[in-house]
Amino acid sequence: MIDSRQAAAALADIDDIVQRVRQSQLYELASLAAVWWGVLVFVANVVTWLWPIYAVYAWVAADALGIGGLVVLRVMNPPQHPGGAAASVRLLLVFVLFFAFGYLCTNVIGHFGPRQLGTFWPLYFMLFYTLAGLWFGYAFVAIGLGISALTLFGFFYIGEAFPLWMAFVNGGGLILGGLWMRRI
Amino acid sequence: MAELDDIIHQPLRLKIMAALNALPATSGLEFSRLKKLTGATDGNLGAHIETLAKAGYVSVEKAFVGKKPQTTVTATAAGRGAFARHVATLQEIIAGKQS
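Read top to bottom, the protein sequences are chains A and B.
Every number in this note's numbering is 3 more than the matching position in the first sequence, counting from 1.
Every number in this note's numbering is 146 more than the matching position in the second sequence, counting from 1.
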């Protein structure tokens, strides 16, 4: 038989591994979501660069498909805790508020041009990504800050090819970040 | 008075069972992921999974994904029960009901 100190150490080991499993599952789901959004963002930016008149359609389609993909992920991986349904509703509300506030900033308070829009949305998205990372894992923080820094660099220093830059920085960054999460 | 489960109590096997128990009942973990989570070597992990499988605590499924072999380990109902009893015993020891 073991003493209480050894028993406490064994329970601490259990807690530690359970946390790591949960983190790993979260990274796996987040990785799928990041890769999916990365592909959509890449395509939408390339469309914006090649055919600017179709940009608005490309972005509406990218946002709709992106959120649709998240819903599918959620349905295929339902939360295991009892408050799961309420958490799903809260997550949906987060997206509604996210897009509503973004729209308010870019179209009501300010009237952003294509370049400003192409900078604002990735920065805004990555701000949430980084903030979420403070709770859910350093990978989110690293991806969020990395893409934000490259987005700002592009805004100030990249000329006409800014949408193409963003295709690789934002779209490619999300894809690479997502693949990296699977390896952590 | 409950006894500690000798099979589960070994540190690496405890980690394996804890990791598998953190998943929904029908879900398992791939060998490579389990290796990363527990920090064990291939040989060590394989040997301890075999011990758990012999006790009926885990099931091991081998399949090919493309040309790559993939081993998935899942906790059985017996394994989950044994793990829950083991954790309860550890908690009793801490509470001073056993020594």
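Here a beta-carbon is modelled for each residue, glycine too, at the ideal position from N, C-alpha and C.
| Check | Outcome |
| --- | --- |
| In or out: Ile17 of chain A buried (at least 16 other Cβ within 10 Å) or exposed? | buried |
| If the criterion is Cβ atoms closer than 8 Å, does the pair Phe143 of chain A and Tyr132 of chain A meet it? | yes |
| Give every residue of the same chain whose Cβ lies closer than 6 Å to the Cβ of Gly72 of chain A, excluding the five residues on either side of it in the sequence, and list them in chain order. | Trp39 |
| Cβ closer than 9 Å: which chain A residues qualify as neighbours of Gly242 of chain B? | Ser7 |
| Of all the options B:Thr184, B:Ile239, B:Ser178, which has the alpha carbon lying nearest to the alpha carbon of Ala164 of chain B? | B:Thr184 |
| Measure the beta-carbon distance from Ala186 of chain B to Leu158 of chain B and round it to whole angstroms, keeping in mind my assumption that it falls under 8 Å. | 6 Å |
| Work out the CA separation of Gln22 of chain A and Gln28 of chain A for me, nearest whole Å. | 10 Å |
| By the criterion of Cβ-Cβ separation under 9 Å, what are the contact partners of Val38 of chain A in chain B? | Those do not exist, as Val38 of chain A stays about 18 Å from chain B at its closest Cβ, beyond 9 Å. |
| Who are the Cβ neighbours of Asn48 of chain A in its own chain at under 8 Å, not counting the five residues just before and after it? | Gly121, Pro166, Leu167, Met169, Ala170, Asn173, Gly174 |
| So what does DSSP say about Glu176 of chain B, is it helix, strand or coil? | strand |
| Apart from the five residues on each side of it in sequence, which residues of its chain come closer than 6 Å, Cβ to Cβ, to Glu207 of chain B? | Thr218 |
| Can you give me the C-alpha to C-alpha distance between Glu31 of chain A and Met129 of chain A, rounded to a whole angstrom? | 19 Å |
| Hey, quick one: how far does the alpha helix (DSSP H) through Lys161 of chain B stretch, first residue to last? | 157 to 167 |
| Please report the distance separating the alpha-carbon of Gly174 of chain B from that of Phe159 of chain A. | 48 Å |
| Relative to the alpha-carbon of Ile247 of chain B, which residue among B:Glu149, B:Leu150, B:Thr197 has its alpha-carbon at the smallest distance? | As displayed, chain B neither begins before 147 nor continues past 245, which places residue 247 of chain B out of reach and without an answer. |
| Looking at chain B, is there any beta carbon in it that lies within less than 8 Å of the beta carbon of Leu188 of chain A? | What is shown of chain A runs 4 to 187, which leaves residue 188 of chain A out entirely. |
| Can you check whether the CB of Gly189 of chain B is closer than 8 Å to the CB of Tyr203 of chain B? | no |
| Which residues bound the alpha helix (DSSP H) around Lys208 of chain B? | Note, Lys208 of chain B: premise wrong, no alpha helix (DSSP H); beta strand (DSSP E) at 204 to 211. |
| Tyr141 of chain A: which of A:Met184, A:Arg118, A:Leu155, A:Ile161 sits nearest, CA to CA? | A:Met184 |
| Using beta carbons (cut-off 8 Å, strictly below), is Val49 of chain A in contact with chain D? | Within the model displayed, chain D is absent; protein chains A and B are what it includes. |
| Counting along the chain, where does the alpha helix (DSSP H) carrying Ser230 of chain B start and finish? | Note that residue 230 of chain B is Ala in the sequence shown, not Ser. Counting along the chain, the alpha helix (DSSP H) containing Ala230 of chain B begins and ends at 223 to 241. |
| Can you pull the chain A neighbours of Arg179 of chain B, defined as C-beta to C-beta under 8 Å? | Ser27 |
| Measuring CB to CB, does Leu43 of chain A end up less than 8 Å from Ala58 of chain A? | no |
| Measuring alpha carbon to alpha carbon, tell me which residue in A:Val75, A:Ala37, A:Gly105, A:Leu76 is nearest Leu177 of chain A. | A:Ala37 |
| Thinking C-alpha only, which one of A:Tyr60, A:Leu126, A:Leu96, A:Ser91 is nearest Cys108 of chain A? | A:Leu126 |
| Anything in chain A within Cβ reach of Ile239 of chain B, meaning under 7 Å, just list it in chain order. | Ile5, Ser7, Ala10 |
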